[in-house]
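**Student:** Below you will find the structure I want to go over with you.
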Amino acid sequence: QMMTVPGEVLSALANNQVVIVAGATGCGKSTQVPQFILEAWNDAVPANILVMQPRRLSALGLAHRVAQERGEEVGRTVGYSVHLDSCVAPDTQVLFCTTGVFR
Numbered sequence: 003q004m005m006t007v008p009g010e011v012l013s014a015l016a017n018n019q020v021v022i023v024a025g026a027t028g029c030g031k032s033t034q035v036p037q038f039i040l041e042a043w044n045d046a047v048p049a050n051i052l053v054m055q056p057r058r059l060s061a062l063g064l065a066h067r068v069a070q071e072r073g074e075e076v077g078r079t080v081g082y083s084v085h086l087d088s089c090v091a092p093d094t095q096v097l098f099c100t101t102g103v104f105r
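Numbering (this note's numbering), first residue to last: 3 to 105.
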């Protein structure tokens with residue numbers, strides 16, 4: 003089913019400022035979806051992808067995993083922000099964070 007998802011998500015992004023992706027555990031919504039958005043995105047307008055996680059360890063672990071899959075270190079294109087800790091840069095486009103960041 004993930005084969006149709008990239009087109010659907012990219013179409014939704016073309017027509018909306020905010021898109022929320024929901025799916026079953028393990029379907030790739032936190033790891034694969036942000037990466038195919040980055041690959042398809044127009045470089046003239048930086049992507050701003052926020053991936054919310056319920057726990058600090060989830061946000062940290064996913065940020066490290068996605069950065070590793072992209073062949074980079076956390077804190078460049080992929081970063082994280084959790085309570086009292088963050089690893090981001092001016093060019094960060096995928097941010098993994100916990101809901102507590104918005105309190």
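For each residue, glycine too, the CB sits at the ideal point set by N, CA and C.
Which value, in whole angstroms, describes the spacing of the CA atoms of residue 79 and residue 10?
**Tutor:** Going by the C-alpha atoms only, they are around 23 angstroms apart.
**Student:** What residue from 29, 30, 25, 37 has the CA that sits closest to residue 73's CA?
**Tutor:** If we check each option's Cα against that of residue 73, 37 comes out closest.
**Student:** Go through its chain and collect everything with a Cβ distance to residue 51's Cβ below 8 angstroms, but skip five positions before and after it.
**Tutor:** Within the same chain, residue 51 has close Cβ partners 36, 39, 40, 95, 96, 97.
**Student:** DSSP three-state call for residue 95: helix, strand or coil?
**Tutor:** Residue 95: coil per DSSP, three-state reduction.
**Student:** Pick helix, strand or coil for residue 22, following the three-state DSSP scheme.
**Tutor:** Of the three classes helix, strand and coil, the one that applies to residue 22 here is coil, per DSSP.
**Student:** If the criterion is Cβ atoms closer than 7 angstroms, does the pair residue 84 and residue 61 meet it?
**Tutor:** A contact, by the Cβ cut-off of 7 angstroms.
**Student:** Which whole-angstrom value is the C-beta distance of residue 33 and residue 59, which I expect to be below 8 angstroms?
**Tutor:** Not a contact, Cβ separation roughly 15 angstroms.
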